[in-house]
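All remarks here apply to the structure that follows.
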Amino acid sequence: MADDENLFAYAGKILRVNLTSGEISTDPTLKYAKEWLGASGMAIKILYDELRSWVTPYEPANKLIFGAGALVGTTAPGACKSNMTTLGPVTGGWASSCSDSYAGGQLKYAGYDSIVIEGKAHTPVYLWVHDESVEIRDASHLWGKTTWETLDMIRGELGGADLHAVSIGPAGENLVRGACITQDTGRAFGRCGTGAVMGSKNLKGIVAKGSGAVRVAEPELFMETVSKTREMFKRSRTLEGMRKYGTLGGLAKKQKICGISYKNFQECVLPDDMVQAIDPRKTIDTYEVARQSFPGCAFGCGRHVHITEGPYAGLKTEAPQMETMGTLQGRLAIHEPTFMFKAHAYCNQMGLDVDAAGGPIGWAMECYQRGIIDERDTDGLKLNWGDADVVLELMRKISYREGFGNILAEGSARAAEIIGRGSEYYALHIKGQDLYEPCRGALAWCLGTTTSTRGGGHTTGAVADANPDHDVEKGRLIFGVDNPYNPLEYEGRAKMVTYMETVHRVNNCLGICHMNTIHWDLEHLDLPHLAELYSAATGWETSVEDLNRMAMRQLNLEKAFNLRHTDFDRKDDLPTPRDLSEPIPTGGLAGWKMDEEQYNRMLDEYYDLHGWDRETSFPTRKTLVDLGLEYVADDLEKLGKLGSG
Amino acid sequence: MVCSFHHKGEFIPSLSSIKILNKENEAGFRVLLVEKGDERSLACDGCRELDVPLCMQYCKENEDLEKILREFLEQTKPREWAKKGLIGSG
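Chains as they are written, first to last, in the numbering used here: chain A, 1 to 645; chain B, 1001 to 1090.
If you want it as structure tokens, here you go:
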């Protein structure tokens, strides 16, 4: 069994880098691990305790924390995710994003669970972590390069063709609010603008390589548990589809449940002829050249393609996932089937979140359609739906903050504030972050998205309750509700979201890909399995109740962090005006409209389950004290943001 | 990861007998197996005590890996591993 001197599963150290002074130091991971689990959990604790309330996202005092999940570096199924957390420029509050990442695994083998970066380098730099050696290296020759060029140049410079990096592109350098951090050449720490924070620090990239070990406390038990959990995937009905096409295989299902945006959510299904034209399975079947996977993943959803025909002939890239198809191809009504591959590659190269492109461009195109803006606003561009060339040009302008792109680079919420003229209604965002998730017709999905502390996103509590293929009986057992997969019922949704908030946070802390868990398929890993894996790995006997408590503690700290840095309250946990007021126009759920009163009752139930004030959404003192966060209650009381009760 | 675990009871991919490397100038991976070990890598012993080598148990493309392993073991340890169903099978 582990004791304080023998820390298992974790690497053992948190690396601290001050880019202003060049100072490098370490902290013991044990200071945080037992109460905060790992990665995003440790990061919010560090941010809350160390950032003063007056710090803003682009100041040197802001901290960017790159952490590998607690089980990364082991064979736990799906243990390939790392996390970036910071005070973000999109919402002004908690910003956290995960990605598959080779660099995160290498960081652990080098001896570090996380890197906490503060300060600002005087000139562009990158970090090179190689076992005990940590260097802050000059990156002025890399500044301005795409992430793909950056990776090639770093590999050449450091003499390692198999080195892995996370880096920013021009979008991050130009402080585009939704800039992301790209992992190698594909996958990204997409949401929340972490790339812009990295750019504000003049930090171009982080490269890691380690030759050390990750040890588990009970090797035999751990491997037995791994074998047992990997066996579960053999019962999965979705595994083969995911292996072949990733989440892109889900287009037909999205159509059936009215779960895909068309023309900026004016419709919730795509026209039939468009579905036929763009079906990505055909493109993958035609152009696939190799598979892509990450260490430990139970199925491997990635594909590399080489497009040899059409307007993007010559393109070599990893295939996108559903988010790119939804937010760029469907939302902007583009019929060229290879467009999503081109847009995905471009966003990866520029380091631009696909939603930070699709959201503002969708807003702009709808405003153009409605005559709110015209060519005088758009640098002469005609923003007609379906024009792929215009979209790519706008993405370029956003990345370089050029002309109209400088407004779009602010995200649709701020862009609408700048333009005014009644354009605000068409800016679809949650807490300032551009929305990808269709929120009509799937109430647990909607509730989990709108209440998310990071500003929308479906990976911190949303439940795919509209998925018609889920096993209802199993869903009842897991979520403890009678009607788990009736997405139009308000009853029971709050309880489902509360459960999924724990699953998602535990995943993010342990570094487990959501797709390997019940987020995707009820036959995949659930909390009991994650507790078993974590217990055997660390030697710390951890129950599901322990995991739930740690996740709720993390959630409440995220909430308190937001309350300190923003003015979010109940109004920011509601769907967009469009989702609240417009019925689904066409498709299988045509005519269905959200009932605002019932939605608010559902939100009340959600707050009650969390011990938060119904009127304001603020946590109560009792809730925080019960979670061991009395000092946070004191802080919120001073701010006048403590919930009553 | 699992290869190093077989040898050392810990996850140390840098020491493993199997290396998964990027292909040069194209997408995809290539697999290298270590024949003679040194301080940086351990020699592949085909997981002699197991019916199926651990890497094959964990690999999602285990048909491809079996071909690579079979060729490697036939060339490097033919007599020792002739008993395993792996060699000459498939």
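Every residue gets a Cβ at the ideal spot worked out from N, C-alpha and C, and that includes glycine.
Boundaries of the beta strand (DSSP E) in which residue i is found, first to last residue
i	result
A:Gln646	Residue 646 of chain A falls outside the range modelled here, since chain A spans only 1 to 645, and no answer is possible.
A:Gly405	Where A:Gly405 is concerned, there is no enclosing beta strand (DSSP E), although the alpha helix (DSSP H) it sits in stretches over 404-408.
B:Leu1032	1029-1033
A:Met365	Counting along the chain, A:Met365 falls outside any beta strand (DSSP E), though it belongs to the alpha helix (DSSP H) covering 354-369.
A:Lys120	No beta strand (DSSP E) contains A:Lys120, which DSSP labels as neither H nor E.
A:Asp100	94-100
A:Ala161	Neither: A:Ala161 is in no beta strand (DSSP E) and is coded neither H nor E.
A:Ile181	181-183
A:Lys234	That residue, A:Lys234, is in no beta strand (DSSP E); it is neither H nor E in DSSP.
A:Gln658	As shown, chain A starts at 1 and ends at 645. That puts residue 658 of chain A outside it, with no answer to give.
A:Leu15	13-18
Contact set between residue i and chain A, taken where Cβ atoms lie within less than 9 Å
i	result
B:Lys1060	Arg243, Arg291, Ser293, Cys297, Ala298, Phe299, Gly300
B:Gly1028	Val289, Ala290, Arg291, Gln292, His304
Own chain partners of residue i with C-beta closer than 7 Å, once the 5 adjacent residues on each side are dropped
i	result
A:Asp573	Thr450, Thr451, Leu603, Ser617
A:Ala633	Arg621, Leu624, Val625, Leu642
A:Glu630	Leu624
A:His335	Met274, Ala277, Ile278, Gly386
A:Arg137	Val125, Tyr126, Trp128
A:Ala2	Reliability of the predicted coordinates at A:Ala2 is poor, the pLDDT of 47 falling under 50, and no value is obtained from them.
A:Asp100	Cys80, Lys81, Gln183, Arg187, Phe294, Cys513
B:Ile1087	In this predicted model, B:Ile1087 has a pLDDT of only 45, less than 50, meaning its place in the structure is not dependable enough to derive any value.
A:Phe339	Gln329, Ala388
B:Arg1030	Leu1021, Lys1023
Chain-ordered neighbours of residue i on chain A, where CB pairs are closer than 8 Å
i	result
B:Ile1022	According to the sequence shown, residue 1022 of chain B is Asn rather than Ile. What B:Asn1022 touches in chain A: Ala161, Asp162.
B:Ser1096	As displayed, chain B neither begins before 1001 nor continues past 1090, which places residue 1096 of chain B out of reach and without an answer.
B:Val1002	Thr75
Within chain B, the residues that residue i reaches when beta carbons sit closer than 7 Å
i	result
A:Lys571	In chain order: nothing, as chain B lies at least about 46 Å away.
A:Arg215	Glu1010
A:Ser211	Ser1014
A:Pro316	It should be pointed out that residue 316 of chain A corresponds to Lys in this sequence rather than to Pro. Result: Ala1027.
Closer than 7 Å at the beta carbon, the chain A residues around residue i
i	result
B:Gly1009	Pro219
Same chain, Cβ closer than 6 Å to residue i, five either side skipped, listed in chain order
i	result
B:Gly1090	Note that B:Gly1090 has pLDDT 35, beneath the 50 cutoff, so the model's placement of it is unreliable and the number below is only indicative. Taken in chain order, the list of residues that qualify is empty.
A:Gln369	none
A:Ile407	Ala415, Ile418
A:Thr123	Ser140
A:Thr502	Asn548, Ala551
B:Met1001	Phe1011, Pro1013
B:Leu1032	Lys1019
A:Asp379	Gly403, Phe404
A:Asp355	Thr327, Asp434, Tyr436
Own chain partners of residue i with C-beta closer than 8 Å, once the 5 adjacent residues on each side are dropped
i	result
B:Leu1015	Ser1004, His1007, Lys1008, Arg1040, Ser1041, Leu1042
B:Glu1010	Ser1004
Counterpart residues of residue i in DSSP-defined beta bridges
i	result
A:Asp138	A:Val125
A:Ser133	A:His130
A:Phe189	A:Ile181
A:Thr86	A:Ala95
A:Gln266	None, per the DSSP bridge assignment.
A:Leu203	A:Val125
A:Ala298	None; A:Ala298 has no bridge partner.
A:Asp434	A:His429
A:Glu318	A:His304
Limits of the unbroken alpha helix (DSSP H) element including residue i
i	result
A:Pro28	A:Pro28 -> not in any alpha helix (DSSP H); beta strand (DSSP E) instead, spanning 24-28.
A:Phe66	That residue, A:Phe66, is in no alpha helix (DSSP H); its beta strand (DSSP E) goes 64-68.
A:Arg549	544-565
A:Leu394	388-399
B:Asn1062	1062-1076
Within chain B, partners of residue i - CB distance below 8 Å
i	result
A:Lys63	Near A:Lys63 there are no residues of chain B at all, since even the closest Cβ is about 29 Å away, more than 8 Å.
Contact set between residue i and chain B, taken where Cβ atoms lie within less than 9 Å
i	result
A:Tyr109	Phe1011, Ile1012, Pro1013, Ser1014
Interface flag, residue i vs chain C, CB-CB below 8 Å
i	result
A:His565	Protein chains A and B are contained in the structure displayed, whereas chain C is not.
With a cut-off of 8 Å, do at least 3 Cβ pairs link the stretch 343-352 of chain A to the stretch 157-171 of chain A? yes
Please confirm if the stretch 402-418 of chain A is in contact with the stretch 521-531 of chain A, defined as three or more CB-CB distances below 8 Å between the two stretches. no
With a cut-off of 8 Å, do at least 3 Cβ pairs link the stretch 505-518 of chain A to the stretch 29-39 of chain A? yes
For the stretch 200-208 of chain A against the stretch 147-156 of chain A, are there 3 or more C-beta pairs whose distance is under 8 Å? yes
Taking contact to mean 3 or more Cβ pairs, one atom from each stretch, closer than 8 Å, check whether the stretch 42-50 of chain A and the stretch 554-571 of chain A are in contact. yes
Could you tell me whether the stretch 475-483 of chain A touches the stretch 104-115 of chain A, where touching means 3 or more Cβ pairs closer than 8 Å? no
If we count Cβ pairs, one from each stretch, closer than 8 Å, do we get three or more for the stretch 64-76 of chain A versus the stretch 189-202 of chain A? Touching, yes, given that three or more Cβ pairs across the two stretches are closer than 8 Å.
Stretch pair the stretch 588-598 of chain A + the stretch 1021-1028 of chain B: three plus CB contacts closer than 8 Å: no
Does the stretch 308-326 of chain A come close enough to the stretch 249-262 of chain A that 3 or more CB-CB pairs lie under 8 Å? yes
Determine, using beta-carbon pairs with one atom in the stretch 295-312 of chain A and one in the stretch 421-433 of chain A, whether at least three such pairs fall under 8 Å. Result no; under three Cβ-Cβ pairs closer than 8 Å.
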